[in-house]
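In the working numbering, the protein residues as written are 28 to 503.
Ideal Cβ placement from N, Cα and C applies to all residues, glycine included.
What follows is a single structure, written as structure tokens, with notes after it.
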RNA sequence: GGCCCCAUCGUCUAGAGGUUAGGACACGGCUCUUUCAAGGCCGCGGCACGGGUUCGAUUCCCGUUGGGGCCGCCA
């Protein structure tokens with residue numbers, strides 16, 4: 028009398044009509060986390076039934092974004108475009124069983140109906156005229172070459188959806204009409220393919236965006252018509268832009284790859300996305316994938332929409348940068364470095380100097396590059412603020428002193444600078460700031476003497492001499 | 001317009017009848033300090049509104065308001 032424990036089967040089913048959206052990424056993530064937690068199967072399905080809009084390279088793009096995020100699937104990717112036989116057979120069967128029917132209205136006629144309804148201020152519903160056509164008559168007209176769409180015969184009863192996140196939702200029958208399953212050119216339509224596939228793949232839980240909630244009664248009716256078991260549904264709140272509208276390209280940075288290119292670490296993006304709608308229940312914010320996979324549950328997923336906050340993502344990223352090994356960081360920063368970077372040992376030291384000072388690996392790449400190439404120019408405000416008439420003279424004396432240093436360490440250069448300052452009767456800061464500017468071109472950054480040690484004697488002195496020339500020139 | 005969903009600091013959230021309503025981001029201050037960060041400490045700031053139910057509502061119910069979504073031979 029015990030139920031056979033069916034292992035959950037979930038899927039992420041993006042349409043390749045654009046790059047992977049952060050909302051899609053979160054949906055994929057929740058499906059994956061649910062599957063791992065429940066020891067189920069995560070399937071990737073590409074919904075490319077729309078031949079006009081779907082593009083192969085976009086589907087590749089989605090795949091690579093998922094790979095980058097580490098969203099691995101157990102089955103797939105399965106392309107709907109390769110399964111037309113399945114949909115055709117299902118449509119034929121539904122027609123034969125009179126659960127669906129052919130409708131012969133032309134697009135123009137439907138359009139006119141829609142316009143009329145609009146003008147009269149009432150909600151448009153398909154008339155259902157096709158229902159009345161006798162099956163024999165329908166077959167004859169189809170054989171005769173008349174064009175038709177296939178429509179589902181919607182039941183005249185309230186459809187109840189038990190949503191795992193929202194609870195019980197009722198859809199009154201007059202809100203739904205007999206929607207189209209197959210176009211007049213024979214191409215199966217989205218809702219139809221979704222249900223045929225979910226049934227075929229034995230999907231047990233449909234975890235998807237809230238924007239599909241209103242479509243769910245259609246799907247329920249379809250599953251019933253198909254004679255398939257109805258999966259459980261869980262509808263996630265939308266991810267919104269700061270204007271509280273559904274996040275889209277329009278908002279900028281809605282695509283996963285934009286964040287990748289901005290130097291966000293995949294672990295950080297995944298962590299951030301996981302927390303957009305789900306929380307472990309305690310105060311932890313930084314969670315490993317293992318922890319998420321262990322603790323994720325749909326019961327703890329919220330129903331309300333959430334605003335995507337780039338600031339918090341950046342913070343999250345900096346948290347990962349703070350704890351990631353220098354080697355790892357170096358490997359990842361390499362792609363972001365705009366130019367040459369120092370040799371490996373120096374780069375690793377530079378990373379330690381900058382890991383708390385950057386929020387993205389893009390910034391880390393820049394920081395690394397700054398050690399390998401001399402500053403091209405100097406911060407204008409910095410020059411104004413830190414270079415006084417007496418500065419070139421003080422700098423010249425400092426350079427002379429540094430030249431004689433037998434060893435070149437943070438300690439020795441600091442001692443030399445402080446002595447020079449004392450000799451001139453000025454605060455060390457009077458020298459530190461211009462030296463930093465001369466060495467790096469900017470007024471902010473890692474502790475100066477560590478930077479000098481890392482740069483080495485030769486490079487440091489070369490940069491300081493160049494800066495000295497510059498300050499003399501602007502001074503006269 | 002019809003149907004549906006949502007509603008705790010500016011943002012992400014914890015809370016599941018009795019809490020000084022907790023944490024995080026952001027913001028402000030202090031601290032550390034050669035700069036900038038990071039870190040530490042402190043602070044600012046919230047239950048949309050109105051009715052019920054209840055001894056007692058942020059929490060349950062209804063409504064209002066506000067926001068969002070869906071209404072194609074798109075996905």
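Nearest-angstrom Cα separation, counted from residue j out to residue i
i: residue 103; j: residue 307; result: 30 Å
i: residue 13; j: residue 443; result: The first residue shown for the chain is 28 and the last is 503, placing residue 13 beyond what the model contains.
i: residue 317; j: residue 59; result: 12 Å
i: residue 167; j: residue 174; result: 12 Å
i: residue 38; j: residue 55; result: 8 Å
i: residue 45; j: residue 288; result: 17 Å
i: residue 382; j: residue 456; result: 24 Å
i: residue 207; j: residue 52; result: 29 Å
i: residue 82; j: residue 483; result: 52 Å
i: residue 133; j: residue 169; result: 14 Å
i: residue 507; j: residue 76; result: Because the chain in this structure spans residues 28 to 503, residue 507 falls outside the shown range and cannot be described.
i: residue 108; j: residue 378; result: 47 Å
i: residue 225; j: residue 394; result: 49 Å
i: residue 309; j: residue 327; result: 11 Å
i: residue 408; j: residue 323; result: 50 Å
i: residue 276; j: residue 50; result: 11 Å
i: residue 350; j: residue 343; result: 11 Å
i: residue 94; j: residue 228; result: 22 Å
i: residue 28; j: residue 359; result: Confidence at residue 28 is low in this model, with a pLDDT of 40, below 50, so the placement of that residue should be treated as unreliable; the coordinate-derived value is given next. Distance between the alpha carbons of residue 28 and residue 359 is about 54 Å.
i: residue 30; j: residue 139; result: Residue placement at residue 30 is poorly supported in this model, since its pLDDT is 47, which falls under 50; the coordinates are not used for a value here.
i: residue 487; j: residue 284; result: 38 Å
i: residue 474; j: residue 467; result: 12 Å
i: residue 503; j: residue 372; result: Below a pLDDT of 50, predicted positions are generally treated as unreliable, and residue 503, at 37, falls in that range; the measurement from the model is reported next regardless. Between residue 503 and residue 372, the C-alpha separation is close to 41 Å.
i: residue 213; j: residue 90; result: 28 Å
i: residue 428; j: residue 496; result: 17 Å
i: residue 106; j: residue 286; result: 27 Å
i: residue 311; j: residue 155; result: 54 Å
i: residue 441; j: residue 305; result: 50 Å
i: residue 462; j: residue 361; result: 28 Å
i: residue 257; j: residue 87; result: 31 Å
i: residue 171; j: residue 130; result: 14 Å
i: residue 136; j: residue 331; result: 40 Å
i: residue 263; j: residue 239; result: 9 Å
i: residue 123; j: residue 149; result: 33 Å
Beta-carbon separation (whole angstroms), residue i vs residue j, contact threshold 8 Å
i: residue 363; j: residue 392; result: 3 Å
i: residue 128; j: residue 165; result: 7 Å
i: residue 40; j: residue 72; result: 4 Å
i: residue 388; j: residue 341; result: With 8 Å as the limit, residue 388 and residue 341 do not qualify as a contact, their Cβ atoms being about 12 Å apart.
i: residue 470; j: residue 406; result: 6 Å
i: residue 200; j: residue 189; result: That pair is no contact at about 18 Å.
i: residue 282; j: residue 48; result: 6 Å
i: residue 110; j: residue 70; result: Their Cβ separation, rounded to whole angstroms, is 13 Å, which puts residue 110 and residue 70 out of contact at 8 Å.
i: residue 234; j: residue 57; result: 5 Å
8 Å Cβ cutoff met for residue i and residue j
i: residue 121; j: residue 255; result: no
i: residue 472; j: residue 491; result: no
i: residue 178; j: residue 194; result: no
i: residue 236; j: residue 265; result: yes
i: residue 9; j: residue 85; result: In the structure as shown, the chain begins at 28 and stops at 503. Residue 9 is therefore absent and cannot be evaluated.
i: residue 2; j: residue 333; result: Past the boundaries of the shown model lies residue 2; the chain is included only from 28 to 503, so the question cannot be answered.
i: residue 385; j: residue 348; result: yes
i: residue 499; j: residue 419; result: yes
i: residue 221; j: residue 176; result: no
i: residue 261; j: residue 232; result: yes
i: residue 353; j: residue 375; result: yes
i: residue 290; j: residue 278; result: no
i: residue 33; j: residue 66; result: no
i: residue 196; j: residue 248; result: no
i: residue 204; j: residue 180; result: no
i: residue 125; j: residue 162; result: yes
i: residue 114; j: residue 215; result: yes
i: residue 61; j: residue 325; result: yes
i: residue 159; j: residue 151; result: no
i: residue 458; j: residue 447; result: yes
heavy atom of the ligand FMN below 7 Å from residue i C-beta
i: residue 63; result: By its list of ligands, the structure shown contains no ligand whatsoever, and the ligand FMN lies outside what it can speak to.
Given 8 Å, three or more beta-carbon pairs between the stretch 243-252 and the stretch 328-347: Taking a cut-off of 8 Å on C-beta distances, the stretch 243-252 does not touch the stretch 328-347, as fewer than three cross pairs fall below it.
Segment contact, 8 Å Cβ cut-off, at least three pairs: the stretch 391-406 with the stretch 364-373: The answer is yes - the stretch 364-373 touches the stretch 391-406, with three or more Cβ pairs under 8 Å.
Given 8 Å, three or more beta-carbon pairs between the stretch 443-454 and the stretch 408-428: In this structure the stretch 443-454 lies against the stretch 408-428, because at least three pairs of beta carbons, one per stretch, are closer than 8 Å.
Touch test, the stretch 477-486 against the stretch 433-442, Cβ-Cβ under 8 Å, three pairs minimum: yes
Whole beta strand (DSSP E) elements within the stretch 287-311, 3-residue minimum: none
Beta strand (DSSP E) segments (min. 3 residues) lying fully within the stretch 210-273: 232-236 and 259-263
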